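K.L.:
For reference, the structure I am asking about is given below.
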Amino acid sequence: AYLDPHFLFNSISASIVCSVVLGEHFNYQDPRLLQLLHLMNEIFIILYSSYAQVFEIFPGILKHFPGTHTCLYSMIQEVKDFITENMERHQKMLDPSGPKDFIDSFLLLMDKEHSDPESEFRQQNLVHMVFSLFFAGTETSSSTLCFGFLLLLKNPDVLGKPICLSEGISHTKLFLFFTAILQNFSTSEDIDLIPQDSGVGKVSLMFQIHFLPHQRG
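All the letters of the sequence shown, read from the start, carry residue numbers 742 to 958 under our numbering.
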């Protein structure tokens, strides 16, 4: 069976961000997490497109015409609605003596500075910050991990002999995940590493992996 590593790393990254920001660790099959991942993936596809680059240059004109930008606004708003719902839930359950996550800490500071007209701790800023954390901490992290994994599969000879790593690194889940796969499975080396042009940037090709168990002699 083939595995989509992008979805796997995306799920891991998003789940970690959710636990830090929302104080909730989602199961990888949770419909809310899957919908969030779907929205972020679709948003990035549109942002990477040539149309998005042209729209960035002529927004005043193109906003009057139909196009993918209308879908983009809708999907961004759906993500923000998800964040707003969680923010409102946090407000109802907020414990001033023990903030559990990023949103709790922000809400406490917002309450503390509510009388300051120049304070940056506002609900709108909280939504924008959480939105940025999701995108900066999910898609970019998973894309980096995917390409790193792709390079390892394409060039297995770079692994060499195992070296002694510090205890902190050797116990991380990511290191254990890579080690377990590379020790027990092999993959095809016929992989295309040439990124595809997308708008003004380049993105690595989507790929799936077929893990082949090592032959034990």
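The beta-carbon is built from N, C-alpha and C at its ideal position, and this holds for glycine as well. Note that the structure is predicted; figures quoted are calculated from it, not measured.
For Phe767 versus Cys759, is the C-beta spacing smaller than 7 angstroms?
P.N.:
yes
K.L.:
Pick helix, strand or coil for Thr881, following the three-state DSSP scheme.
P.N.:
helix
K.L.:
For Leu813 and Leu891, what's the separation of their Cα atoms in angstroms?
P.N.:
29 angstroms
K.L.:
Taking the straight line between their C-alpha atoms, what separation do you get for Val850 and Gly839?
P.N.:
For clarity, residue 850 is Leu in the given sequence; the question names Val instead. Taking the straight line joining both Cα atoms gives about 13 angstroms.
K.L.:
When you compare the CB positions of Asn827 and Leu778, do they come within less than 7 angstroms of one another, or not?
P.N.:
Their beta carbons are not under 7 angstroms apart, which means Asn827 does not touch Leu778 by this criterion.
K.L.:
Taking Glu819 as the reference, which of Leu835, Leu803, Glu783 has the closest Cα?
P.N.:
Glu783
K.L.:
What did DSSP end up calling Phe806 once you bin it into helix, strand or coil?
P.N.:
coil
K.L.:
Given that a residue counts as buried once 16 or more other Cβ atoms are within 10 Å of its Cβ, and exposed if not, what is Ala755?
P.N.:
buried
K.L.:
Does Ser752 pass the burial test, meaning 16 or more other C-beta atoms within 10 Å, or should it be called exposed?
P.N.:
The Cβ neighbour count for Ser752, taken over all protein chains shown within 10 Å, is at least 16; the residue is labelled buried.
K.L.:
List the endpoints of the continuous alpha helix (DSSP H) containing Ser752.
P.N.:
746-762
K.L.:
What number of angstroms, rounded off, separates the C-alpha of Leu893 from the C-alpha of Asp745?
P.N.:
16 angstroms
K.L.:
Using the Cα positions of Asp845 and Tyr789, report the straight-line distance between them to the nearest angstrom.
P.N.:
33 angstroms
K.L.:
On a Cα-Cα basis, can you pick out the residue from Gly808, Thr811, Met834 that is closest to Leu848?
P.N.:
Met834
K.L.:
Could you check the C-alpha separation between Gln770 and His805 for me, to the nearest Å?
P.N.:
Going by the C-alpha atoms only, they are around 39 angstroms apart.
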